[in-house]
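Position in the sequence shown (first residue = 1) + 16 = my numbering. Comments concern the structure below.
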Amino acid sequence: MSDAANVLARLAQLAKLGAYGAGLDRPLASPQERAARDLFAGWARAAGFALRQDAVGNVFARREGTRPGLKPILTGSHLDTVKTGGAYDGAYGVVGAICALELLEARGAATAHPIEAVAWVGEEGSRFPLGCLGSSVFAGISRADDALAIVGDDGVSLRDALAASDGGLLPGVPMRADRDVAAYLELHVEQGPILEEAGVSLGVVTAIFGQRRLRATVTGVSGHAGTVPMRMRADALCAASELVLELDRAARTEADAVATVGRMLVEPNGTNVVPGRVTFSLDLRAPDEASLDAIERAFRDAVADVSRRRHVTVDVEAFERRKPTPMTPALRAAIHRVAAAMGREAVDCPSGAGHDAMSLGTIVPTAMIFVPSIGGRSHVAEERTADADVELGVEALAAALVEVDATLGENGRG
Ligand code: GLV
Ligand code: MN
Ligand code: MN
């Protein structure tokens, strides 16, 4: 079965893995995330697609092409979620990829290039601090050994987590040694309000915002909340609070930029104890590097000022730095042709959210198809997309794969 009902049924199957309250918590190399990779592998096997995986756990399912020697067109997304995630972010692009391959199979639609559905690992960076971990390794942005050495929130390295039986690599699936790829297409829910506001069901991404992830550790002096006079305090949380508000202020002065402190760890976290240490995350996004530079500079200036005034030390570590990623014009045009042929309107839109397409976009022609998110909501349990839009996106992806196959062929690229 490769119809709309199948897409929805598979999303519902995945939504049972890591169910947490009303939403989902499925971090990389957890038993639930491993089960999600297993499910994907089962669908691929049932459809007769050959499976491979790589050292960090990315899984690839391949439908062969008709012209020997051509590199595959990849399509997919991620199976991990944020701590309070929904059922569509990432899962939709993975399920959509395998369903699109099945649609091509059912319709006897041959492509010259092989097409591979891929489930990237660790896109969210929600257990291990590097976002787009799997696709970054595949694209050669990060070395596999470095990624495997990253230690997660629980003190376990990715290498050890992937060696464990419940969170690890899939048994019996051969390793992929090559990084051959001709082009990349990713289907995703928009996660914002633009398409819904425009009343249009298909979006063609123009570019993905540049992004930086940092972590600040503020160290002051802990003490008794009743006895340390205010003039003698080095309160790490008061210092961190000033820095958070300065980041917010700096982001508001840059058009279309956003900055978020989404995690904060206060130690020792006692009602009647002056906070001695605070660690917090920084997530900066903007359409251009100059805005990111300006926000980061303002934050670092504030660090110098606050450290001096509040007698604390502040360490700032940078984990991730991605330039804005433009999508490939020829592939965007192919998606627009497909939408027109389907009699559907499609609009160009930027992506403030990060995607594995940022990694692939550094090495091959890359494009993304968006479908609307109800109320623009995502990274929350209430994340939803209308069933009809879910189905439409998969049809558009299947057609776009055929169109891109032909486009690459005409240009003589492999
Ligand atoms: C991933 O969803 C991100 O944009 O951080
Ligand atoms: Mn995503
Ligand atoms: Mn996400």
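Note that beta-carbon positions come from the ideal geometry of N, C-alpha and C, so glycine has one too. These numbers were taken from a predicted model, which means no experiment stands behind them.
Rounded to whole angstroms, what is the Cα-Cα separation between residue i and residue j?
i, j, result
"V172", "V294", "22 Å"
"D46", "F154", "First, the amino acid is wrong: residue 46 is Ser here, not Asp. Their Cα atoms are separated by approximately 21 Å."
"M374", "D251", "39 Å"
"A60", "A66", "7 Å"
"G392", "G242", "46 Å"
"Y200", "L261", "39 Å"
"G368", "A302", "7 Å"
"D364", "R348", "9 Å"
"T82", "A35", "41 Å"
"Q227", "D309", "11 Å"
"L413", "I385", "7 Å"
"I224", "M343", "8 Å"
"V237", "A267", "30 Å"
"S18", "L117", "The predicted position of S18 is uncertain, since its pLDDT is 48 and thus under 50; no value can be drawn from it."
"D317", "L211", "38 Å"
"L298", "R337", "12 Å"
"D161", "A193", "14 Å"
"M280", "G168", "16 Å"
"T287", "L90", "52 Å"
"I157", "V328", "35 Å"
"D321", "T235", "15 Å"
"Q48", "M248", "48 Å"
For a test of the three-state rule: what should DSSP assign to residue i, helix, strand or coil?
i, result
"G430", "With a pLDDT of only 48 at G430, under 50, the local geometry of the prediction cannot be trusted, and the value read off the model is given with reservation. Residue state, collapsed to three classes: coil."
"I224", "strand"
"A163", "helix"
"M17", "Because the pLDDT of M17 is 43, which lies under 50, any placement of that residue in the model is unreliable, and the number read from its coordinates should be weighed accordingly. DSSP places M17 in coil when its eight states are reduced to three."
"T233", "strand"
"E139", "coil"
"F76", "strand"
"Y108", "helix"
"I379", "coil"
"F386", "strand"
"D169", "coil"
"Q29", "helix"
"H327", "coil"
"D304", "coil"
"A361", "In the sequence as presented, Ala is not what sits at residue 361; that position holds Glu. E361: coil per DSSP, three-state reduction."
"P130", "coil"
Using a Cβ-based criterion (distance less than 8 Å to any ligand heavy atom), does residue i qualify as near ligand 2?
i, result
"D41", "no"
"G278", "no"
"S93", "yes"
"E121", "no"
"H204", "yes"
"G112", "no"
Hey, is residue i close to ligand 3, as in C-beta under 8 Å from one of its heavy atoms?
i, result
"G101", "yes"
"D105", "yes"
"E213", "no"
"V98", "yes"
"S394", "yes"
"Q48", "no"
"Q207", "yes"
So residue i packs on residue j, CB below 8 Å; how close in whole Å?
i, j, result
"V23", "E407", "6 Å"
"L33", "A51", "5 Å"
"R175", "F335", "Not a contact, Cβ separation roughly 18 Å."
"S93", "V75", "Wrong, their Cβ atoms sit about 12 Å apart, outside the cutoff."
"S323", "E270", "Not a contact, Cβ separation roughly 24 Å."
With a threshold of 8 Å, establish whether the CB of residue i neighbours any heavy atom of ligand 1.
i, result
"E305", "no"
"G370", "yes"
"G226", "no"
"E140", "yes"
Using CA atoms only, rank isn't needed, just tell me which of the options is closest to residue i.
i, options, result
"D41", "T233, V75 and G102", "G102"
"D96", "W136, T127 and A116", "W136"
"S217", "L263, A355, D331 and R26", "A355"
"A113", "L27, S394 and P43", "L27"
"Q207", "T382, A415, G370 and T378", "G370"
"K339", "G377, V319 and R360", "G377"
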